[in-house]
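For reference, the structure discussed in these notes is given below.
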Amino acid sequence: WKLPSGHRFKLREYMLIAKDISCHTRQQQLLEENLSEGLQRKILLESPILGVIQTKVYWAAGLEQDALLEIIRCLDSAMYAKDETIPARNKMIIVRMGIVAIGGRILGRNSVYGENSILLVTDQLISGPMPRTLSYVAVLSLDQSSLIRVCEQYPSADERLRRAQARTAVWRGFVLHGIKEQRRLNKSSMIEEARIQTKLGFVAATQRSSIFNALRTDDVKAVEASLA
């Protein structure tokens, strides 16, 4: 069985770039298998990931140190090639290398995605596109089941994340309701606009349609800017 030359080149390139990730995985396994949890946490205190999470994950603010270090201990590393989709449902990911595109946003090193979705359980509230790689990408990911285990160990973390979960769910619900209401209003406006245009001449209707579409475009841009 012989791979095409193009596939062989991509495989060699991937293995070369993924070397650091493999090294990190082996080091993590070595720590977990040979050191006590307390000593592991002391080592993780020096990890740059600690600062990333404290700075960019809002619900991590105020968590007791041991709970935060346990979260870092639960992070899994993975490597993705260009033009791959990163599975991010019920996960929080931290980009460690490369560039990722998500719904018009570009994420680079130490960017965090999914810090809200990892808290939610209702499918209607878990929205958003899956991240797609624009280059070779290394990520650290935390899944919801691991976060639940940490909360079972640390009651204060459980209480903190429950409050964050409630606020996130309420906000997502509010946004979804607003989107549905806006769609309903837009549909009503379009019907009314169609009625008006049937009473106008061709020139007047065309000019009015151009103005109407321009206004709608400006509204969309304003909403996108407010959500950015």
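Going letter by letter, the sequence shown gives residues 88 to 315 in our numbering.
We put the CB at the ideal spot given by N, CA and C, even for glycine.
Y167 to L207 span [Cα, whole Å]: Translated into positions along the sequence shown, residue 167 becomes position 80. Translated into positions along the sequence shown, residue 207 becomes position 120. In this structure, the alpha-carbon of Y167 lies about 26 angstroms from that of L207.
V224 versus V237 - alpha carbon distance: Here residue 224 corresponds to residue number 137 of the sequence shown, with the count starting at 1. Here residue 237 corresponds to residue number 150 of the sequence shown, with the count starting at 1. Looking at the backbone, the Cα of V224 and that of V237 are separated by about 27 angstroms.
Continuous alpha helix (DSSP H) stretch holding R236: start and end: To locate residue 236, count along the sequence shown from 1; it is residue 149. Segment 231-240, the alpha helix (DSSP H) holding R236.
Could you give the C-beta distance for R247 and W146, rounded to a whole number, given that I count them as a contact under 8 angstroms? Here residue 247 refers to the residue found at position 160 when the sequence shown is read from its first residue. Here residue 146 refers to the residue found at position 59 when the sequence shown is read from its first residue. Confirmed, about 7 angstroms.
Report yes or no: do the region 153-160 and the region 196-205 share at least 3 C-beta pairs separated by less than 8 angstroms? Touching, no.
How many angstroms separate the CA atom of Y241 from the CA atom of A154? One-based indexing of the sequence shown puts residue 241 at position 154. One-based indexing of the sequence shown puts residue 154 at position 67. Rounded to whole angstroms, the separation of the alpha carbons of A154 and Y241 is 6 angstroms.
Can you round the beta-carbon distance between S204 and G215 to whole angstroms, since I take them to be within the 8 angstroms contact cut? Position 117 of the sequence shown holds residue 204. Position 128 of the sequence shown holds residue 215. Separation of the CB atoms of S204 and G215 is rounded to 7 angstroms, and the pair is thereby assigned contact status at 8 angstroms.
Considering only C-alpha positions, which residue in the set E239, M179, P91 is nearest to S228? The sequence position of residue 228 within the sequence shown is 141, counting from 1. Of E239, M179, P91, the residue nearest in Cα terms is M179.
Continuous alpha helix (DSSP H) assignments of at least 4 residues falling wholly in the region 148-173: Counting whole runs of 4 or more residues, the region 148-173 contains the alpha helix (DSSP H) stretches 152-160.
Keeping to the same chain, check which residues put their C-beta closer than 6 angstroms to that of I156; ignore five residues upstream and five downstream. Within the sequence shown, numbered from 1, the residue matching residue 156 stands at position 69. Residue identity check: residue 156 is Leu in the sequence provided, not Ile. Cβ neighbours of L156 beyond the five flanking positions: R128, L131.
CB-CB length for I173 against V226, believed under 8 angstroms: Within the sequence shown, numbered from 1, the residue matching residue 173 stands at position 86. Within the sequence shown, numbered from 1, the residue matching residue 226 stands at position 139. The pair is a contact, with the Cβ atoms about 6 angstroms apart (cut-off 8 angstroms).
Figure out for me which residue from E202, M184, Q116, M102 has the closest Cα to the Cα of R176. Within the sequence shown, numbered from 1, the residue matching residue 176 stands at position 89. Nearest in C-alpha terms to R176, of all of E202, M184, Q116, M102, is E202.
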